[in-house]
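A short write-up of the structure that comes next.
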Amino acid sequence: MALVLLAGAAGLLLAERAPWLGVAGLTAVALALLAARCWTDRLRAGRLDALADRLAKLAEGDRTVPTPFVGQAGPVGRLADAVARLQQSALERELTATGTAVGDAALELQSRRLSDLIEGLGDAFYAMGRDWRITLWNAAAARFLELPREQALGAVVWDVFPDLAHGAFADSLRRCMASGQPEALQAASAVRPGRWLDWRVFATPTGIGVCFRDITDSKEAEIALRESERFRRLAMAAADIGAWELAPQSGALVWDERCQALWGLPARTDHQAWLNSLHPEDRDRAQAAVGAALDPKGDGAYAIEYRVIDARDGTERWLSVNGKALFAGGRATRFIGTAIDVTAQRRTSEELRSSEARLRLAMEVADIGAWDWDPATGTLVADARAKALFGLKPQDKPDFDQWRASVHPVDHARVEAAVGNAMTPGGDGRFEAEYRARGQDGVERWIAARGKALFDADQPVRFIGTAVDVTVRKRAEARREVLVNELNHRVKNSLATVQAIAWQTLGKQTDDAAARDALSARLAALARAHDVLTRHDWEGADLGEVVRQALAPFAAGDPGRFHISGPALRLTPKAALAISMALYELGANAARFGALSIPAGAIEVNWRIEGEQLELNWRESGGPPVKPPTHRGFGSRLIEQGLAGELGARTVLAFDQAGVTCAVFAPLAGVQAGDPKAHDL
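Heads up: the sequence shown begins at 68 in the numbering used here, then just goes up one per residue.
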């Protein structure tokens with residue numbers, strides 16, 4: 068500090084002594100500025116300029132200039148005090164009066180000290196005359212500008228630094244040289260690309276002085292901070308996130324444009340306006356969360372979701388708000404955070420919860436259990452109903468091995484195969500099985516299970532499904548099978564009785580053996596149709612199976628004479644009986660008069676579905692030439708009228724010379740049976 072004051076005093080002294088003004092080409096103003104700059108960077112430029120102006124006038128001998136800085140605290144005041152004392156000092160009077168060798172020695176000493184001061188500055192410093200020749204060049208300037216003092220002194224600045232001749236630095240030098248007014252700026256160096264300088268220019272009696280420092284590190288940090296802030300803003304805008312800050316002591320609230328849009332409130336508002344904007348049901352909870360965050364005893368964390376009512380149009384929104392309170396001196400000093408609109412997510416979540424509740428209720432009503440198996444760990448998660456199916460208690464935690472052990476030995480291989488197929492990559496992952504299981508409670512139950520395996524990278528990662536107790540249905544099916552078999556047996560016995568009675572009656576009343584044979588054959592065809600239906604529990608029969616069974620008596624020994632084709636179609640019991648009887652009549656006629664009456668004959672039966680209609684075709688070929696009948700017999704009437712009456716079908720029977728043809732067109736709705744599995748759960 069003493070060195071600085073000495074430098075300031077020396078500058079004023081030299082300024083008073085006009086004969087020595089050329090020393091270093093500096094005025095008291097320049098020295099005062101350097102001293103203050105060396106002191107502290109915290110002094111405001113305006114205060115330095117004002118002080119410099121007053122010191123300059125004092126140095127010129129104007130004793131009327133007020134010195135308001137004298138007596139003030141701080142470095143500026145101390146410098147002003149030194150100047151005032153110097154004005155009255157004996158040294159000043161002695162030097163002014165005598166100009167003796169003592170004064171010269173003192174001046175030389177002060178000059179050396181001034182030179183030491185300038186060299187010791189942390190900042191780079193140089194001075195130029197009005198001809199732009201360099202008159203002073205300190206070590207810091209030599210290092211930064213990479214030019215030794217001996218090369219710099221006396222050189223024209225534009226010659227040694229051509230890049231300095233243009234741009235902001237050159238402009239500031241020229242303005243200061245012309246006006247004598249100080250200049251200050253921060254900019255990229257024209258001589259050292261990539262470096263940033265804090266630059267000061269001031270007038271001297273013979274030209275100008277320049278003082279600068281390298282601020283690259285702080286500038287780059289500032290730029291990085293600015294870029295980080297820009298990135299943060301872009302990221303928050305992209306994520307639709309708003310930012311806010313609450314002053315805990317005053318309750319003042321400021322936020323960005325996104326928060327303004329979310330709340331419908333202005334950029335600057337207060338805590339009470341925020342509280343009023345909340346949904347009435349959420350206010351107490353939100354206020355309590357703020358209080359907890361601002362409590363110095365806590366960690367300052369704030370995370371909550373609540374509803375706000377837009378102050379502009381009343382729109383209700385769900386917001387997720389997070390923040391952090393900062394503390395100092397045992398109290399909250401700042402409270403900052405973010406907000407994001409989660410209305411869509413909340414609605415989706417609520418809809419999902421409602422859907423899950425409906426599904427859970429439906430499953431409870433339908434008595435369906437749910438399970439979820441992790442193939443990697445063997446963990447099996449089941450709801451209460453699924454656990455009950457296996458005789459487990461609600462608190463039990465089953466695994467896959469327990470489930471496997473519960474499967475009845477007779478069903479074990481079949482169920483394991485179904486599980487393996489579901490877990491095979493490339494398949495549809497579906498699992499369906501009905502099996503018996505003996506639970507932990509010792510009760511044997513029939514279980515209908517359905518599920519689906521989920522895959523990741525061709526590996527099963529999850530297997531979920533449902534289970535239903537079908538014990539009652541299975542027992543009912545078993546009883547029904549017994550009853551159906553008994554009924555079928557009795558029907559066949561009844562048909563045999565009818566056949567015997569017809570045989571005896573016809574045998575006594577007529578000698579027409581053909582009539583007896585025809586009646587017997589028709590009853591036999593009816594019995595075969597019953598057999599097909601019985602195998603399918605009288606719920607329906609496949610059309611292909613019905614065709615083959617109806618024509619079986621005529622294919623004995625040479626089944627290759629029949630060509631049967633068509634898509635899978637499940638017939639109702641009534642349709643199966645009607646079509647079976649019609650095909651039998653056509654086969655019997657072919658055996659007596661048509662294609663089946665000679666070895667070379669053949670019959671083609673095919674069908675197709677056209678829209679909502681079944682088209683069934685019979686075509687004979689290779690038989691003897693066909694002669695149209697002179698009248699419609701019983702068989703023709705049975706075919707045409709029977710199909711029309713039973714199925715609402717239209718029949719076209721033609722006796723072409725090449726072979727008999729018959730086309731049946733029936734409404735699909737009248738012949739197609741439903742899926743027998745549709746009743747299964």
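Yeah, the Cβ is synthetic: ideal placement off N, Cα and C, and Gly gets one too.
The beta-carbon distance between A319 and A360, rounded to whole angstroms, is 17 Å. This is too long to meet the 8 Å contact definition. In this structure, Q339 is the residue among M430, G712, I290, Q339 with its C-alpha nearest to the C-alpha of A314. Of all C-beta pairs linking the region 232 to 247 to the region 300 to 317, fewer than three are shorter than 8 Å, placing the two stretches out of contact. The C-beta separation of P465 from A443 comes to about 17 Å, leaving the pair out of contact by the 8 Å criterion. When only Cα atoms are considered, L220 and R293 end up about 40 Å apart.
G367 is the residue among V409, G367, D377 whose C-alpha sits nearest the C-alpha of A399. Around the Cβ of K454, a 10 Å sphere holds 16 or more other Cβ atoms; the residue is buried. With a contact defined as Cβ atoms closer than 8 Å, V672 and V727 miss out at about 12 Å. Close CB contacts of P691 within its chain, under the 7 Å cut and outside five residues either way in sequence, are with S664, I665 (chain order). Per the coordinates, the alpha-carbon of A429 lies some 11 Å from the alpha-carbon of G436. Spatial neighbours of R675 in its own chain (CB-CB distance under 6 Å, excluding positions within 5 residues in sequence) are listed in chain order as E682.
With a 10 Å radius around the Cβ and a threshold of 16 neighbouring Cβ atoms, A370 comes out exposed. Spanning the alpha carbons of G700 and R659 requires a straight line of approximately 14 Å.
Under the criterion of beta carbons closer than 8 Å, G496 and L521 qualify as touching, at roughly 7 Å.
In terms of CA proximity to R259, A209 leads the group A209, T538, G189, P333. N488 sits in a helix when the DSSP states are folded into three classes. Taking R280 as reference, the option from R452, F211, T697 with the minimal CA-CA separation is F211.
Under the three-state reduction of DSSP output, F228 falls in the coil class, being neither helix nor strand.
In the three-state DSSP reduction, S387 falls in the strand class (E or B). Between the region 416 to 434 and the region 469 to 478, the count of Cβ pairs shorter than 8 Å is below three; the stretches do not touch. Within the region 341 to 391, the complete alpha helix (DSSP H) segments of 4 residues or longer fall at 350 to 360, listed in chain order. Distance check between D323 and each of F467, G458, A310 places A310 closest, using alpha-carbon atoms only.
Contact between the region 605 to 616 and the region 640 to 653 is present, with at least three C-beta pairs closer than 8 Å.
Annotation for K464: no beta strand (DSSP E) segment contains it, and DSSP assigns it neither H nor E.
Within the same chain, V482, A485, A516 come within 6 Å of A500 by CB-CB distance, once the 5 residues on both sides are set aside.
F530: member of the beta strand (DSSP E) spanning 526 to 536, first to last residue. For D337, the pairing in a beta bridge is given by DSSP as A319.
From the listed residues E612, G712, P640, A643, the smallest Cα separation to I631 is found for E612. Contact check for G668 and E652: beta-carbon distance about 17 Å, past the 8 Å limit, so the pair fails to qualify. DSSP places P734 in the strand class (E or B) of the three-state scheme.
The residue from A725, K519, M303, E250 with its alpha-carbon nearest to that of A406 is M303. Within the model, the alpha-carbon separation for L264 versus P272 is close to 25 Å. In the DSSP assignment, D439 falls within the unbroken beta strand (DSSP E) covering 435 to 440. The C-alpha of F530 lies about 35 Å from the C-alpha of P634. Taking C-alpha positions only, V477 is separated from A736 by approximately 40 Å.
For Q253, the enclosing beta strand (DSSP E) begins and ends at 250 to 255.
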